[in-house]
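Presented below is the structure to which this report refers.
Protein chains: 2
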Amino acid sequence: MITIHLPIHVYFDGKVFLSPDNIELLKKIQTTGSLNAAAKEISVSYQNAWTIIDQINKAAPQPMVIKQRGGSGGGGALISDYGKLILKEYEAIEKEVLKFTSQLNTEINI
Amino acid sequence: MITIHLPIHVYFDGKVFLSPDNIELLKKIQTTGSLNAAAKEISVSYQNAWTIIDQINKAAPQPMVIKQRGGSGGGGALISDYGKLILKEYEAIEKEVLKFTSQLNTEINI
C-alpha cells in the first residue's frame, strides 16, 4: 500500500530548527522535566541530547531550552517560555498536517 | 521569519521510495531522456545516479525506471509507464501540499 507522509520541518531564516528528528527530545524534556530521562526515553546519550539542544537553541529565533547547571541530578534542562509557545504551536500544526495527510491518503490513486 | 516546510515522502509497505532527495533525478530523466544528462543537472555522478535508481526500483511497488544497456550514449534510462503514472500523481500531490503549506504559513502565530 502506498502512503504519503509529510514530516513537519520548521525553518527560521532559511535554516531548519525543528523536525521529526529533534522534536521528540523537546517533548520528552517537557513531560519528564529532566534531560537525562528525556535522553533515555528516545535512546540517545546524554551528551548527544546536549548537542541536539545546542543545535536547536542556536538555530531557533530564541533559545527553546534553558540549561541548568548543578543540583542533585547533575544539572538539567527546562523548556523556556518561548519554547513552550513554539511547542504548543507545533502541536496545533501537527494536528492540521495529520488531518490533511489522512485526507490526501484517501485520495491517492496509485 | 519562521516558515513550515512539508517535504513529501512516498512510502510503499512502510518503506520510503520517493522523497525530495530522489524525486529530482526522476523528473530530470523524464525531461532530458538521458540518465547522464539528468545526473549532471542535479550534480551527482553517473554511478550515484544508478545507485539512486536501483534503490527506487527496489523499494517501489513496480520499477519506475527501465535501464537501457548499450547504444551510442553508453546506455540510458527511461521512465516506465508505471513511473510516469506515479510522477503525474506526485505532481498533483505536490500542488495540493504547496497550497496547504502556504495557507499554513499565513496562519502560524510564532
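These protein sequences, in sequence, are chains A and B. Going by our numbering, the first sequence wraps up at 262, each residue one higher than the last. Going by our numbering, the second sequence wraps up at 262, each residue one higher than the last. Backbone N, C-alpha and C fix where the C-beta goes; we use that ideal spot for every residue, glycine too. None of these values were measured; they are calculated from a predicted model.
- Selection A:Phe-164, A:Ala-190, A:Gln-199 and A:Thr-183 evaluated against A:Pro-213 yields A:Phe-164 as nearest (Cα-Cα).
- Residue state for B:Ile-208 is assigned as helix, using DSSP reduced to three classes.
- Pairwise C-beta distances place the segment 170–188 of chain B in contact with the segment 204–211 of chain B, as three or more of them are shorter than 8 angstroms.
- Per DSSP, A:Leu-158 lies in no alpha helix (DSSP H) segment and is marked neither H nor E.
- Selection B:Ile-245, B:Leu-250, B:Gln-199 and B:Gln-255 evaluated against B:Ala-229 yields B:Gln-199 as nearest (Cα-Cα).
- Leaving aside the five residues that flank A:Ile-154 on each side, the residues in its chain whose CB is nearer than 8 angstroms to its CB run, in chain order, Ile-260 and Ile-262.
- Within its own chain, the residues whose Cβ lies closer than 8 angstroms to the Cβ of B:Asn-174, once the five positions on either side in sequence are excluded, are Ile-204, Gln-207 and Ile-208, listed in chain order.
- The beta carbon of B:Ile-218 sits closer than 6 angstroms to the beta carbons of Leu-230 and Ser-232 from its chain, once the five residues preceding and following it are set aside; these are given in chain order.
- Residue pairing by DSSP places A:Val-196 in no beta bridge whatsoever.
- For B:Met-153, the chain A residues whose Cβ falls inside 8 angstroms of its Cβ are Phe-164 and Asp-165, in order along the chain.
- Under the three-state reduction of DSSP output, B:Gln-214 falls in the coil class, being neither helix nor strand.
- From the beta-carbon of B:Ile-175, no residue of chain A is found nearer than 9 angstroms; the closest lies around 13 angstroms away.
- By DSSP's assignment, A:Gln-220 forms a beta bridge with A:Gly-228.
- By the Cβ neighbour-count rule, B:Ala-190 is buried, with 16 or more other Cβ atoms within 10 Å of its own.
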